[in-house]
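**Q** Submitted below is the structure of interest, expressed as structure tokens.
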Amino acid sequence: MQSDLNLLRIVKCQGRHIREVCDIEYKSFSNPFPEEYLIELFRMFPETFLVAELDGQTVGYLVASISGRRAHIISLAVDEKFRGRHVGSILLQTIIDNLKVNGVEEILLEVRLDNIAARRLYEKFGFEAAGDLRGYYEDGGDAALYRLRIY
Ligand SMILES: CC(C)(COP(=O)(O)OP(=O)(O)OC[C@H]1O[C@@H](n2cnc3c(N)ncnc32)[C@H](O)[C@@H]1OP(=O)(O)O)[C@@H](O)C(=O)NCCC(=O)NCCS
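For the sequence shown, position 1 matches number 42 in this note's numbering, and the numbering has no gaps at all.
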């Protein structure tokens with residue numbers, strides 16, 4: 042994948058990343074996951090909690106859960122300063138490759154209906170809208186359910 046971020050590394054999340062992951066989460070979402078929940082995800086899904094590092098700085102992350110042949114992307118966010126430079130795409134491509142190798146056949150996720158940037162990103166990777174979830178978010182916002190078959 043073309044990127045100007047030649048030194049970008051995608052690594053599994055480690056304890057040292059959590060602070061910066063939280064910062065990105067808080068700045069990216071109106072209803073961010075609390076730090077304790079992110080730590081719980083880190084403990085539960087060590088293989089599928091990925092971090093994008095640039096010169097030692099955390100610039101994005103993606104966490105997915107796996108249940109049998111189905112995976113669920115729980116969160117994906119890129120530091121505002123690094124958006125539009127394919128960090129999100131690289132994280133997404135890396136998790137798709139990782140999940141395929143682990144026998145996953147289907148990836149699901151929810152995204153706010155009005156989150157055009159994220160929807161375009163997922164659609165670019167072949168995710169298809171599989172229905173709207175009215176009032177899905179705590180603030181009453183609606184979500185679109187997206188699905189990608191990868192077998
Ligand atoms: C959604 C998000 C992760 C995308 O990360 P990114 O690194 O900026 O995305 P990329 O540079 O890889 O963009 C990939 C594609 O997404 C789409 N896209 C990205 N930003 C966009 C924007 N602002 N407007 C429209 N489309 C956009 C484009 O189709 C783009 O492809 P292109 O570069 O060929 O035009 C990032 O905007 C973000 O962190 N947003 C806040 C958190 C969030 O909404 N997360 C998703 C929750 S479901």
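For every residue, glycine included, the Cβ atom is placed at its ideal position computed from N, Cα and C.
Note that the structure is a prediction, hence the values are computed from the model and not measured.
#1: Out of I115, E76, Q55, state which residue places its alpha-carbon closest to the alpha-carbon of D64.
#2: Starting from the N-terminal end, write out each residue whose C-beta falls within a distance shorter than 6 Å of any non-hydrogen atom of ligand 1.
#3: Alpha carbon to alpha carbon, how far is G109 from L82? Give it in angstroms, no decimals.
#4: If the criterion is Cβ atoms closer than 8 Å, does the pair E147 and R175 meet it?
#5: Can you check the stretch 101-159 for any beta strand (DSSP E) of at least 3 residues that lies completely inside it and give the ranges in chain order?
#6: Name the two residues that bound the continuous alpha helix (DSSP H) containing R84.
#7: Which stretch, first to last residue, makes up the beta strand (DSSP E) that contains R60?
#8: Could you tell me how far apart the beta carbons of L140 and L91 are, in whole angstroms, since I believe they sit closer than 8 Å?
#9: Taking C-beta to C-beta, are V152 and I191 nearer than 8 Å?
#10: What separation, rounded to the nearest whole angstrom, lies between the Cα atoms of D180 and A171?
#11: Can you check DSSP and say which residues form a bridge with K165?
#12: Nearest to R124 by alpha carbon, out of E94, V100, V104?
#13: Going by the CB atoms, is the gap between V104 and I115 shorter than 8 Å?
#14: Label E169 either buried or exposed according to how many other C-beta atoms from any shown protein chain fall within 10 Å of its C-beta, with 16 as the threshold for buried.
#15: Short of 6 Å in beta carbon distance, which residues of its chain neighbour R50, apart from the five on each side in sequence? Order them along the chain.
**A** Straight from the coordinates:
#1: E76
#2: S69, L117, A118, V119, R124, G125, R126, H127, V128, G129, S130, V152, N156, I157, A158, A159, R161, L162, K165
#3: 17 Å
#4: no
#5: 111-119, 147-153
#6: 76-85
#7: Segment 59-69 is the alpha helix (DSSP H) holding R60; no beta strand (DSSP E) there.
#8: Wrong, their Cβ atoms sit about 11 Å apart, outside the cutoff.
#9: no
#10: 22 Å
#11: DSSP lists no partner for K165.
#12: V100
#13: yes
#14: exposed
#15: E94
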